[in-house]
Each structure stands twice: as structure tokens, then as C-alpha cells.
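Notes follow once the structure below has been shown.
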Amino acid sequence: MDEDSEEVIYIYEPKSSLIPTHILDQASQRTFLISIFILIQSWKVYDLILFKNDLSELTKFTFLLKYVFLDGGFLWVLTFLHIEYLILTPGKCLVYSLVLYLISWVLVTTSGMFQLGGFSTSELTIIGDSINRDKVIDIESHFKGRLTIHYLPDSSVKMNPFHFDKVCLDGGLYMPVEVNTTTSIGYLQIQHLTSEGTIQYLNYTGKSLNKLLHQDYSHLSKFQQYNPELTYLQYPIEEPGQYKIVKVLDNQGNNIRIYKSEFIITNCPQVKFTYLDRVDSIKCMSDGVSVDDLPQLDILSSIPAVIRVNVRQSGKDKIISIETGKENSWIKPRHLTEQIHINGSSSSIELQLLDITDSWGNVQRYNPESKDKDIWYRLELLPSSKIGLIQPAKDLLVSGEMSLKFNYNVQDYPVELGIEYNRTITSYTFKSKLELEQGVKINQPGEYKLVSARDKHCPCQVDISPIQVSLAQPPRLDIVENSIRDKCLGNIGYDFKFNISGKPPFKIGYQVYLNHTNRLELIQRKSITSHDYTYSFKFKPDTPGSYTIKFVELNDGNYQGIQVKDKTYSTYFNKVSRLGFTNTRTVNTCFGQTSSLPMYFKGNGPFTFKYQFINTSGEVIDSIDVKNVDNYSIITRDLGVTYDVKLSQARDKYGCDAIIDQNKVRIVSRKDIPEVKFVSNDVKYIVEGDSVEIPIQFKSTNGQSKIQVEYTKSGGGTVVKPVTVKGNAIVVNQPGAYKLSSFVNNGCPGVITSNQTVKVMYYARPTMEIVTASKLKQHSEDGIIHLHPVCVGCANEITLKLTGEPPFELDYSIKLPGDVTESHTMNIDTFEIKINLPTRKSGMYEHQFLQLYDGLYTRRHQFKNSVTPKILYQVNELPSGKFIPTDRLLLICQDKVTSDMTVKLPVELTGEYPFDIDMIVNEHQTDKETRIQFNNVHEPYLKLTNQVQFVQGDYSIRFVRVGDSNGCTQTNFNPNDKFIISITQPPNIFNSKQQDNYCVGDYIEYNLTGIPPFTINYQFNEQVKTTQSYFQFKRISNKPGTLSINSIQDSQCKVELTGDKFDKLQIQIHDLPTVEINQGDYIIEDLHQGDQTELIFTFIGTPPFEVTYIRTVTERTHRKVVETKTIKDVYGYELVVPASLEGTYEAVEVRDKYCRAAREIK
């Protein structure tokens, strides 16, 4: 392509669907349209079922018209939607519409389809009985008699006509004989050549022959060669040999030709397993498998014979064949035994006898699933078990015993073992794995050796390695102790050295006692663990006193709980002396005051010590030495500064250093007096339950302050009480006057420098007032306001006036009709609000105002209002009216309509009587509406007299207004609640087929017009019947006779049928014609070829007649029609026709003037 040329690519973009895919994707659109198509076809089938069973008002024309529009409209819509896979061109739309129209036409015009009767075989007869429609006509009763012509054949006899082959004698056999003769047999002779070679004759004459001839041989008809035209008999065979017929005579003594037929039969072959004493089902694998380990074959058969055996080894099957006998024994059975030879080895060998075939091909098969020992054998080949002794992990204890364990892999129990000890072998038997796991108990040390072992079936592989059992000696403990001494305290403990013999690890248990006078107190029980034979242990009590340590028990790797004797040691040491300050580490002193610092002393007094006064910079202000004291207090100095008092150089009476537990105390000495006063004397306002902070001013204070005030209540009375100090303010929560009374700062009394008084007052609580219009208020009492009753949905308004600090919160509850209480909260931003009280349901309403909160008195204060007003009012239900669902249709026959006619309309009214009711009457034909009124109604029905002039057609009446005595009015009604008055024409009936003569088995159909259901009175053969039907009266005729319609009645009108109308509806039912051949008998005539006989037809019915008859011959399993003839215009009741050909003649169709009967020949 040149560089300057341009390539034009055309891209086909399909036209987008009418409905955008972002609204509904095309897959969903296809699913929706397919569902609509299935719905239309389901509706079509439903209408078709109703139409076929006379339950629909549709005719064939209206049915087809309806679905031409529905199917065509659906397909036409597809041409505009442009949905992928459902796109139709106008041409395709037309073709598919025609196809659907043809399908609908075939369905609606085909009789029998979609009839509900198709699910049941019962039909209603003219007189109303239920009958199976297949039994309405007994067609065989109209065709009686037939003639069969047979050509006489030559006589013959044949043995074994069904060709029995490979049959053996197993208890007995009956041999069939086929006889083809027109005369009876008089003599039968059969020759029998036995298995020994001798000849015998079986002769049947007289009674023995009659017995054979007159038995039931119907069971022979199962054979394909069976011919029902021939005679069969069976004679018994009880011995093997060769059988043949040698002579047959008829009852006249004439010979009957014998077909050459011989039959040889032998005894059925047999084979089974026989077991010798040495044959067992289990064997050791190490011994191998020989012929003697397997069962023998016991055979009874004519030879040579072949036996098939299935051999299964290691899950694999192999079939072996064993042939026995070389020479031929003809039919004489031989008794033989054969060995089974098998190569290879596996864990199991399984033999299954399959079958035996004798020299004549007779096969005796055996069930391959049978486990009978005659045909099944299984040999288990077990491996040798392994076993050996396990070297014990522990030694034998003195005077103890232990169990020797085994390392084993044993298959079957019991197990017999032989163990050698000191050249003596002891036998043990273990019956189970549990016993073997427990081992062998021993109590002597030395060498043990397993020398023999055998399980239930086989010797075991034995590990003969000996094991050694050693004797463990008890452990011993030797202790070397060294005292630990202190120059001031004395003997403060021991350093122990342990020498241990035995098996590590070692565990030494000891007990520690505190010595008291004449008794020891156990205070500690512990143990020491050592993995070595030597160990060091130090015993030093933490507190002074007299102690005893006793070593009581020794454990090692073999022994537990060995008692230790004479291992007790005692010690005693003195207490350490102590002294220190009793009080805390910091002491505060007020301006111009000193303080005393008490001390405590413990131990060996008297004590000597030194204390110093040291300022915060570390400079010693003063130092004092104290000697030989047992109690002492230090007096502080009034220095006006912060300093420390420190203890040092403490000793007891022995000159030993004493421990100073707390050697320093800090003294904080004030240099001025604290002061306090109110900042101002303003009035403070609070909400009830809240508190307020009154500002105060401090001077020269540090640490925590305590203040008491003089409190004067609002009603009088003065008390002094402490208050909470919070920063630079005091906190109070009660109204009244407050004045400072006393002041302490960090333990030092202070000075109140002002005599001011501060007042505290409560904010006013919120209040509420209910205001109602005078026309709504009925009366009020004790906080309850009663309002006048109102109707459902009417306005009912009250006004709330509030005082307080907005916004307001109002809690209230509403008790609704039905004892249902609702709780609500209303938020109000103004001092006045209007409330519409609920009137949505009828009943008593109770409004209870529970609690009012404002911007100050909020919900968290949890206070209670003193007044909780309540409003009570009754809401009356709106009246209502409706027609009774089961009685809202009135049918009036046109001839009963008069000018003074009164129609009662039953209604259901709710509300208070009396009612005023307005209604609209709509005439459907002209769509004219008339408003009528019913005033002062006291009863549950309305009398419609001359308000409306009725003519033929339908009228609907509906409610538009109902008012009751409560003054409530209802104008909202269900538009579908209507009472229908229908002025109808009298019913009518027509013969749908417009014919006067019917045959038995035909359907009688009448079409009905009017308002169903219809009551029909009719007469059949002097029997009067009454029945109900809808748009079609349909019956099946099962008897001949005359049917006439007397009267018809629909829901309102009854019509007596007389004159021409009566005659037009009357019909005659005729019986089917009947034909008989040769007086209705079944005749068989034997003719020689060339002779002839007569067919005599006799007719019952109304001439002229027409008859069709056939000639059939039998071919194997069916009859074949070889000739069909029809004879017309027979005006007599009898007809004679000559017949000479072989076969069966019978009639298949007959007609008379009115009816036809036909049957099929199978």
C-alpha cells in the first residue's frame, strides 16, 4: 500500500437497546421477557383447561382472538427493545406470530386434550351414574361367533421337539413328545439303552397312556417351537442312558410316522473339596506350602471331565483348569480324586470351586460367593513372631521385685516363653497382649536369658542375648558440721558438709524447730537436692533465738524415704539492738511553739547516742550527747526556720553498734500567723441541689486549711459547721447567711480579718399552666381537666403557659385506648406552646404531665414538681358502613320487576344508632349515577323502594356518607365495596350438535345461557332426574332410549319447556348394531383341501346393514390378516356367504341405519 493511500476501516456497532444498560443490564432484560413469555403460555394452558372442561365463558373464536393479540403483541414489542439474542425483524415477528397462532388453533380444536377427565376414567351417564368410559360399550358383545377352517394334515410324532441339549439328570426329567394327528394315540413304545449297555422298553397303553395325555401341559407354551394346534405329552426319565421312540399306533391300530429323534442324558457331574486330617486353615509361612496342605477334589462325573478352580493369592485371582480321566466312559459316571498343585507363596491362599464340565458338555456351576467348605477353602500363611528381653533401666532393690519387659512383635496369642536363670529354664504362658506387656516378675539379681518362644501357630524368632539384673544398695549420709560465730551475737548457724553414697540425684529432707521451754515448735520443712556425692549447706536463721535443725530423710535414684538417724543440731544467738524516732519524718510547729520528738529503744539497753540540729544548708546548729538511757524525747527549738534533727553513734550496753532505723526528722517552724476573709458580700443564687463557691482571701498560709462558718438558715436558727475549702473559696449548698467563724492552716490557728456576711438564695422552680378553649373544656377537678368528647380525626387543642428559664423540657405520658401507655419528652423554647391532642383512634385518652425542666432546673437535678396536671377526653369512633361480603349480590328476574318492588340491602353498620346514610347507584349500561338517602336508620338493612327505576342490566350501589348520633361523619369508603343488583333475562338451553339421533357411547351436549349454576329437570325412559350444571350440560349415553328436557332454572328464573321448544330438545339414543356368525358359536371345521362350508351372518339393529369380515391365519406369535371383505345394503336380518380357504373368519365392523360398531383384531 502506498504511503499516501488511506485505509478505511468500518466498525459495526450494534444498535443499543431501548432500555439503557446502566438502568437494567441486557441479561436481566432477557430473563424478564422470557418470564413474561412463559407466563403468557401458562395462562393459555389454564384457559385451555377451563375451555375444554366447560368452565370458561370463552368460545373458540374469543380464545384465538385473545391469544393472537397477546402472542403477537409480545413479539411485536421485541422488535423495538433491541435486546441481544432477542432481536426480531418485522418479517420474523410475523412468521413467529403465525406459528404461535397455529399452535393455539391446534390446541383449541383437538378434542380430548387438556380435559380434566383425562385424569380420571369415570364419566357421568344420562341418569347421573358414574361409569368408566372404557366400559360404556362392550364392543365384543356386538360381535359374536367365528369360524375356523383347518386342512387335515398327515399324522406324525416327534420326541424332544424343543431341542433339549446339554441336559443332565439331577433328580428327574420329563421329556416332551409332539403329536400331529387328527386321531387319538392308542400305543406308545420307547427304547432305553442304559449306561451299562442293556436295552429296556417303556410301553404306554390304556390308563398309563391316558394319564400322560390328560395332564396339564400349558407350561410348554413358553417354548418358541410350541404349536397350540398340536398335541403334547411328557414321559418321565429317571435313569441316565439313550432314549428313542420305536413304535406309535393310533386308536385304530394304524402306525403313526415317527421322526428320527434320539435323546442321551447322563447324571449331572459333581465335585467337592475333601479334607484330610493334616489339612488346616492356618500354617506358618516358614514351613512352605505342599500338596498335602491343600484339600483334594472329590469328583463324580463321566470322563474326561474338566474342573475350574479360582485361586486367589495376595489379592490376585487366577483360574486353573484340572482335567481328569483320559479314557471316555460314555455316559457311565466315574468316582475319582485329584490333587491341586499351586506354585508360589503369599500371605493367604483362597480356593473357590467354579464349575465342572463332563464329557457330554454338561456344566455344573457353583455360587462364586458361597463360603461353604465343600466349594471354598482358605489357607492363612502366618509370618514368625519376634520377641526378646529388654535390659531393665533400674536395678533390683533389696527385698524388692521387678518386672522383666519384652521387645516383641507377636501375631496370635497365647504365647509360650522359656527363660533361663542359673541354668534352670522356667516356662511362662501369656494369653493376651495385656499379660505380655506386664512382663515377668523377678526378685533375684543375676543373668536372665530368653531361650525359646512360640505363639498360637508358629515358633517365634528369639533374641537370645542375655540381660544383667543388678542389686541396688540403700544410700548413706555422713555429715560434718562447723559452727558459725559472731562476736556480738554468738553462734548464728552451721556450715554443713555432706558425703553421700548411692545413685544420684540425692534429696535430703530436713526440719527446723524453734526452741521453747520444754517443747519444740516446727517452723520449717524443706529439702536439699544434690547431683554429686558431696554437697555444702549453710544454715543461718534470719531472726535471733534458739533453733534446732534435724535431717530426717534421704532419697536417691533407687530408694525413697530412707530414714536418717542422729542428725540433729541446735544453735542460739542474741537479738540486734535498735533505736529510732517514733513519729513521722516531718514535724510542723506554729509561730512561737516547740514540739517533743519521742524515741523507741529495742535490744540490750541502756543505750548511748548523739543527736544534732542541722539547718537545710548542712550547717550544725547544735550537738548533744545522751548516755545510759532506756527512754528519751528530744525537745525542738523555736527557731522560725526549717531544720533537721539527726541521730548518730548509737551503742548498747555491750558496746556493740545499735541499728538506727530512722535517724532524721525535719522540723518546719512557722515565722508568722495565717489570716483569712471574704472577698465581697454579694448575694449568691443557686439551683436546688447545686453548690456555690464563695471567694475568700488567704494571707501567710501554706498547706491545708480548715474553716468553720456561722450559718443562719432562711427560716431562722444559727449553727456553726465546717465547710469545704476549694482553692481560694469555700463551697456551700444550702440557702441562708454565711459568716466566717474559725480558721486553721496546716494545724496552726489563724485570724479572721473581716466580719462580712454572704447570703445564698435558690432560683425559682419552673411552673406550667394548661389553658383550653371553653367549648372544649367540660369540667376540672383535683388537677384533672375533662374535655368534651370528639370524633376520630377531629382537632383537639390545648395551650401550655410556662414560667422559668427557657429552654424547657416536659416529660409526659399518654395512655391510649387498649391500656397502652406511651412516654414522651417535649422540648420547648418559648413560654407558650399549643399542643394538638391525638384523636387517631377511638377510646379514652389520658394525658399525664409528669415533670417540667428548664434551663436551670435540668434533668440531672432529679427534683419533683408539686403539681402533675392530667387531661382526660373521649374520642368517638367514626361511623362506618359496608356490605356483607357473603351477601352483596342480588339477582332479579326481569319478569319480577314492579314499580312498588322493595329491595332490602343487608349492611354492616358501626357507630351509634340511628344513622343517616347517603349512597350512589350506578347503572352500568349507561354509567348514570343517582344519589339516594336513607335517614334515621335503626336496622342493619336498607329498604330500596321507588328511589330507582330498574330495567334489564346491572346496578352497583356504594356508600358515600354515613353519620351517627354522636355527630361523627364518615366519607372515606372502600371503592370496591359495592352491592350488585342484576336484572337478568330467563335462562335458555340449546342442543349443541343440532341432531335428533345418537348412538350408545356418544356424548349428549346442551349449551346453557343465563347466570350459572343451572338446575335442569329432564326425563330419560320414563325416569325423571334433576341435576346442576354450568354453561354446558354434557353426559355420555350408555343405554338406548329417549331424552327430553322438562325445565331449566338459574339463580333467579325458572323456565318450563313445552311445545316446539320441548320437541327441539328431545333426542333419540339408539343401541349399536350386532352381528353373529353361525349363531354366535366359535366353530372349528376340519376340511380336506377343496371342500367348502357356509358363513351365516345374523344382524340385530335397524336395516339396511353393512358388514366387514376378515380371514386370518396364525404366524408364530401373531395373527395375520390375509383377506378382508365388505358387504353393503343388507336389508334382511340374515346373510349366507360360502367359505373354503383355511383360516379364521370373523366380523370386524357392522353398520345399521343409525350407528356403527367396529373392533380391532390383535
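Be aware that the sequence shown starts at 4, since it is given in my numbering, and climbs by one per residue.
Where is the CB? At the ideal position from N, CA and C, for every residue including glycine.
Here the structure is a predicted model, which means the values were calculated and not measured.
In chain order, which alpha helix (DSSP H) runs of at least 4 residues are fully inside the region 622-655?
none
Whole angstroms is fine: what's the gap from Q1095's alpha carbon to Y1148's?
13 Å
Measuring only the C-alpha atoms, how far is P17 from W79?
Note that P17 scores a pLDDT of 49, beneath 50, so its modelled location is shaky; the value from the coordinates is reported in the next line. So the alpha carbons of these two residues sit roughly 20 Å apart.
According to the Cβ coordinates, are R588 and V671 closer than 7 Å?
Cβ distance not < 7 Å, so R588 and V671 don't count as in contact.
Where does Q228 fall in DSSP's three states?
coil
Just verifying my parser: in three-state terms, what is the DSSP assignment at G76?
Residue state, collapsed to three classes: helix.
Please classify K321: is it buried, with 16 or more other beta-carbons within 10 angstroms of its beta-carbon, or exposed?
exposed
Using three-state DSSP, classify P93 as helix, strand or coil.
The answer is helix: DSSP assigns P93 an H, G or I state.
To the nearest angstrom, report how far apart F594 and S717 are at their CA atoms.
39 Å
Tell me whether the region 573-583 and the region 596-606 touch, counting them as touching only if at least three CB pairs, one residue from each stretch, are closer than 8 Å.
yes
For T184, collect the residues of the same chain with a Cβ closer than 8 Å to its Cβ; drop the 5 residues on either side in sequence, then sort them by chain order.
Within the same chain, T184 has close Cβ partners S158, S159, V160, T234, D253, I259.
Does the count of Cβ pairs from the region 886-906 and the region 920-931 closer than 8 Å reach three?
no
Would a check of beta-carbon distances place S402 closer than 7 Å to chain E?
No chain E appears in the structure shown, which is made up of a single protein chain.
Express the C-alpha separation of T92 and I992 in angstroms, rounding to a whole number.
49 Å
At the level of alpha carbons, what is the spacing between F122 and N1000?
Bear in mind that a pLDDT of 41 at F122, under 50, signals an unreliable position, so the number given afterwards is only what the model happens to contain. Approximately 30 Å between the Cα atoms of the pair.
Apply the 10 Å Cβ neighbour rule to C797 and answer buried if 16 or more other Cβ atoms are within range, or exposed otherwise.
exposed
Looking at the structure shown, is D999 part of a helix, part of a strand, or coil, going by DSSP?
coil
Which same chain residues, not among the five before or five after N485, have their C-beta less than 6 Å away from its C-beta?
D498
Going by DSSP in three states, F167 sits in which element: helix, strand or coil?
coil
Mind checking D28: buried by the 16 CB within 10 Å criterion, or exposed?
D28 is classed as exposed because its beta carbon has fewer than 16 other beta carbons within 10 Å across all chains shown.
Per the DSSP calculation, L205 is bridged to which residue(s)?
I193
With E1152 and T1111 assumed to form a contact (beta carbons below 8 Å), what rounded beta-carbon distance in angstroms separates them?
4 Å
So the alpha helix (DSSP H) W1 belongs to, where does it begin and stop?
Nothing can be reported for residue 1, as the shown portion of the chain is limited to 4 through 1165.
Below 7 Å between beta carbons: does that hold for T1077 and I1099?
Not a contact, by the Cβ cut-off of 7 Å.
Residues in the same chain with beta-carbon distance under 6 Å from F976, minus the five sequence neighbours each way, listed in chain order, please.
Around F976, the same chain offers F962 as residues with beta carbons nearer than 6 Å, after the five sequence neighbours per side are excluded.
Whole-angstrom Cβ separation of P164 and Q228, contact assumed at under 8 Å?
Your pair P164 and Q228 checks out as a contact, with CB atoms roughly 6 Å apart and the cut at 8 Å.
Between I43 and L73, what straight-line distance do the alpha-carbon atoms span, to the nearest angstrom?
Taking the CA atoms as reference points, I43 sits about 7 Å from L73.
Give me, in chain order, the residues of the same chain whose beta-carbon lies closer than 6 Å to that of F834; leave out the 5 immediate sequence neighbours on both sides.
L805
What do you reckon, is the C-beta of P272 under 6 Å from a heavy atom of the ligand NAD?
Among the components modelled here there is no ligand, and therefore nothing to report on the ligand NAD.
Do K873 and Q851 count as a contact pair if the criterion is CB distance below 7 Å?
yes
Per DSSP, H850 forms a beta bridge with which residues?
I817, I874
Thinking just about the alpha-carbon of each residue, which of I325, S305, I306 is nearest to the one in Q3?
In this structure the chain extends from 4 to 1165, so residue 3 is not present and cannot be described.
Within its chain, find whatever has a CB closer than 6 Å to the CB of D857; leave out the 5 residues flanking it on each side and keep chain order.
P769, G807, E808, F811
Determine the contact status of P990 and C1056, defining contact as a CB-CB distance below 7 Å.
In this structure, C1056 lies closer than 7 Å to P990 by Cβ.
Who are C287's beta bridge partners in DSSP?
L385
Can you list, in chain order, the stretches of the alpha helix (DSSP H) that have 4 or more residues and sit fully within the region 476-515?
As far as the region 476-515 is concerned, it has no whole alpha helix (DSSP H) run of at least 4 residues.
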